[in-house]
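Novice: Below you'll find the structure I mean.
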Amino acid sequence: DTGVSQNPRHKITKRGQNVTFRCDPISEHNRLYWYRQTLGQGPEFLTYFQNEAQLEKSRLLSDRFSAERPKGSFSTLEIQRTEQGDSAMYLCASSLIQGQGENIQYFGAGTRLSVL
Amino acid sequence: EDQVTQSPEALRLQEGESSSLNCSYTVSGLRGLFWYRQDPGKGPEFLFTLYSAGEEKEKERLKATLTKKESFLHITAPKPEDSATYLCAVQALSSGTYKYIFGTGTRLKVLA
Numbered sequence: 055d056t057g058v059s060q061n062p063r064h065k066i067t068k069r070g071q072n073v074t075f076r077c078d079p080i081s082e083h084n085r086l087y088w089y090r091q092t093l094g095q096g097p098e099f100l101t102y103f104q105n106e107a108q109l110e111k112s113r114l115l116s117d118r119f120s121a122e123r124p125k126g127s128f129s130t131l132e133i134q135r136t137e138q139g140d141s142a143m144y145l146c147a148s149s150l151i152q153g154q155g156e157n158i159q160y161f162g163a164g165t166r167l168s169v170l
Numbered sequence: 034e035d036q037v038t039q040s041p042e043a044l045r046l047q048e049g050e051s052s053s054l055n056c057s058y059t060v061s062g063l064r065g066l067f068w069y070r071q072d073p074g075k076g077p078e079f080l081f082t083l084y085s086a087g088e089e090k091e092k093e094r095l096k097a098t099l100t101k102k103e104s105f106l107h108i109t110a111p112k113p114e115d116s117a118t119y120l121c122a123v124q125a126l127s128s129g130t131y132k133y134i135f136g137t138g139t140r141l142k143v144l145a
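Residue numbers (this note's numbering), protein chains in the order written: chain A, 55 to 170; chain B, 34 to 145.
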């Protein structure tokens, strides 16, 4: 078990460019979450997947954001036409849900995005 | 509206000076309350989960407790390596789906 892995760790881009982040969850985990965190704030929920199905999206997730989890394994988060307000840490978490059991989310180290 | 509030925002302690962090919540259908530790530039690290009022969990110098409206994270005789941001999150049932809502955290600094 190597934990949740996120790449890249840092991304600097110019306004208007597209960026894509990758998250590899803990191998047996069926749920995968994306969060955004800005300085001094707690993580804000963006979206989550159960296996390959995207089950919920936050209102924070504008049309410029899209996430996929093909084959229920790794996930990608793409931001199109980046804006300076997109600068944040993007966190991925995974969990193993069985029935109505507990949902402990394990987080990756995050991808820090800076939009110039 | 579902809400999680943590206090204080920041806390400075001398090494060995015990204290408590507070997480108060207003949610319907609470399914669990979680405490995480976050170091600068890193993702949150899971500490505890609590499910029902009266429940307590301990790990080294940390002890988490839960009531119907709030949770406390007690830090006994802290050390400088306990310096971090401590985040509280609740999992709540809302509109038929489960939401995971974080507070803004308490930044703890323990001085040697």
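Where is the CB? At the ideal position from N, CA and C, for every residue including glycine.
In chain D, what lies closer than 8 Å to residue 157(A) by C-beta?
Specialist: The structure shown contains no chain D; the protein chains it does contain are A and B.
Novice: Residue 39(B) and residue 139(B) - do their beta-carbons sit closer together than 7 Å?
Specialist: Against a cut-off of 7 Å, the Cβ pair of residue 39(B) and residue 139(B) comes out as a contact.
Novice: Taking only beta carbons into account, state which residues of the region 79 to 95 of chain B come closer than 9 Å to chain A, listed in chain order.
Specialist: Answer in chain order: 79, 82, 84.
Novice: Please name the residues in the region 90 to 122 of chain A whose beta-carbon is closer than 8 Å to at least one beta-carbon of chain B, in chain order.
Specialist: Those would be 94, 95, 96, 97, 98, 99, 109, 110, in chain order.
Novice: Can you tell me which of the three DSSP states residue 139(A) falls into?
Specialist: If DSSP states are grouped into helix, strand and coil, residue 139(A) belongs with the helices.
Novice: Which class does residue 25(B) belong to by DSSP, given the choice of helix, strand or coil?
Specialist: In the structure as shown, chain B begins at 34 and stops at 145. Residue 25(B) is therefore absent and cannot be evaluated.
Novice: I want to verify the contact list: residues of chain A whose CB lies under 8 Å from the CB of residue 75(B), in sequence order.
Specialist: Per Cβ cutoff of 8 Å: 163, 164.
Novice: Enumerated in chain order, which unbroken segments of the beta strand (DSSP E) with a length of 3 residues or greater are wholly contained in the region 60 to 114 of chain A?
Specialist: The qualifying runs are 64 to 67, 73 to 78, 85 to 91, 98 to 104, 107 to 111.
Novice: My output table needs one value for residue 50(B): the three-state DSSP class, helix, strand or coil.
Specialist: It is coil, neither helix nor strand.
Novice: Any C-beta of chain B sitting closer than 7 Å to the C-beta of residue 145(A)?
Specialist: At least one chain B Cβ lies under 7 Å of residue 145(A).
Novice: Between the Cα of residue 135(B) and those of 44(B), 56(B), 43(B), spot the shortest distance and give me the residue it belongs to.
Specialist: Nearest option by C-alpha distance: 56(B).
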